[in-house]
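Worksheet for the structure shown next.
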Amino acid sequence: MSGTFRVEQVVVTGLSERCRITPAKSDATNCWLVGDDTDVVVVDAAGSTEEIAAAVGDRSVVAVICTHGSSSHFAAAVDVACGLYAPVLLHPADHVLWQGFHGDHRYWRLDDGQRIAVAGEEIQVVHTPSPTAGAVSLYVARLGALLAGDALERRRPTDGRGRRRVPDSVHETLRGLPYDTRVHPGHGDRFALGHVLSLPADRFVDQSA
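In the UniProt record's numbering, the protein residues as written are 1 to 209.
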């Protein structure tokens with residue numbers, strides 16, 4: 001292992017060459033790199049493949065992981081994977097969404113509880129089916145980090161009043177994690193998991209806090 005094991009944020013704003021239409025979420029998406037100075041995984045490859053490749057540099061890419069089947073999160077997955085000689089990983093429950101965008105391009109399946117080794121550490125796959133049936137979060141115990149895609153979002157309103165509901169299934173699944181776990185969302189800034197889990201599952205989370 002070389003260098004400090006870490007999570008790096010790459011904010012991507014462009015469209016992949018494969019994207020023929022504007023993604024449903026037109027604002028910036030967080031692409032995350034998890035690893036060290038030698039090996040990384042790429043999480044949610046969207047936007048410009050050049051931006052992501054530049055952030056990776058000369059490091060080896062173990063995998064390109066998609067947290068869920070949304071064009072704003074996996075539009076560049078195939079191009080990045082091919083360019084950096086890495087497999088794409090996706091939960092099979094989002095196969096139809098993948099096929100609708102990437103056609104017959106192959107991917108490796110992600111399963112709940114699966115562990116992915118990178119730079120001498122492990123990333124654990126946690127099935128958090130929101131906003132899609134195959135959505136996953138990635139727990140990095142060594143860093144106290146949860147890469148949540150769109151399963152947890154602090155700032156994005158869903159009911160027009162600046163609030164969003166935490167799905168019951170996601171809420172219960174993540175209760176076993178430390179409340180000080182840092183959530184690395186698909187959009188916007190990091191926040192503490194306890195900000196979401198401190199409220200009952202049938203309550204709305206105040207996004208303006």
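Every residue gets a Cβ at the ideal spot worked out from N, C-alpha and C, and that includes glycine.
All values reported here derive from a predicted model rather than from experimental measurement.
Tell me which residues share the same chain as residue i and place their Cβ nearer than 6 angstroms to its Cβ, disregarding the 5 neighbours each side in the sequence.
i	result
residue 211	Beyond the ends of the chain as shown, which are 1 and 209, falls residue 211; an answer cannot be given.
F191	R154 and V183
S60	D39
K25	The pLDDT assigned to K25 is 46, lower than 50, so where the model puts this residue is not dependable, and the model offers no usable value.
E121	F5 and R142
I116	I123
Y107	V88 and L90
L97	G69
S130	A151, P167 and V170
What are the residues that DSSP puts in a beta bridge with residue i?
i	result
V42	L33 and V64
V12	T29
G149	P185
A117	E122
R106	R106 is not bridged to any residue.
V7	V34
V88	V64
Terminal residues of the continuous alpha helix (DSSP H) containing residue i?
i	result
A55	T49 to V56
Q124	No alpha helix (DSSP H) holds Q124; the beta strand (DSSP E) holding it covers E121 to H127.
L197	L193 to L197
S169	D168 to L174
Residue i and residue j look like a contact to me (Cβ under 8 angstroms); what is the Cβ gap, rounded to whole Å?
i	j	result
A76	A28	Incorrect: roughly 14 angstroms between the Cβ atoms, too far for contact.
V78	V62	Contact flag wrong, Cβ pair sits at about 17 angstroms.
G35	V140	Actually they are not in contact, since the Cβ atoms of G35 and V140 sit about 10 angstroms apart, beyond 8 angstroms.
S72	F101	At roughly 11 angstroms, the Cβ-Cβ gap does not stay under 8 angstroms, so S72 and F101 are not in contact.
C31	V10	4 angstroms
V56	L33	7 angstroms
D112	H95	Incorrect: roughly 16 angstroms between the Cβ atoms, too far for contact.
For residue i, I'd like the list of residues in its chain whose CB is within less than 7 angstroms of its CB, leaving aside the five on either flank, ordered along the chain.
i	result
L197	H171, L174, R175 and Y179
P92	R109 and G134
L193	L146, L174, L177, Y179, T181 and V183
Can you tell me where the beta strand (DSSP E) holding residue i begins and where it ends?
i	result
S72	Where S72 is concerned, there is no enclosing beta strand (DSSP E), although the alpha helix (DSSP H) it sits in stretches over S71 to F74.
S137	V136 to V140
Considering only residues of the same chain and omitting the five flanking positions on each side of residue i, which have a CB-CB separation below 8 angstroms?
i	result
T67	V43, D44, H73, A135, V136, S137, L138, L147, A148, G149, D150, A151 and G186
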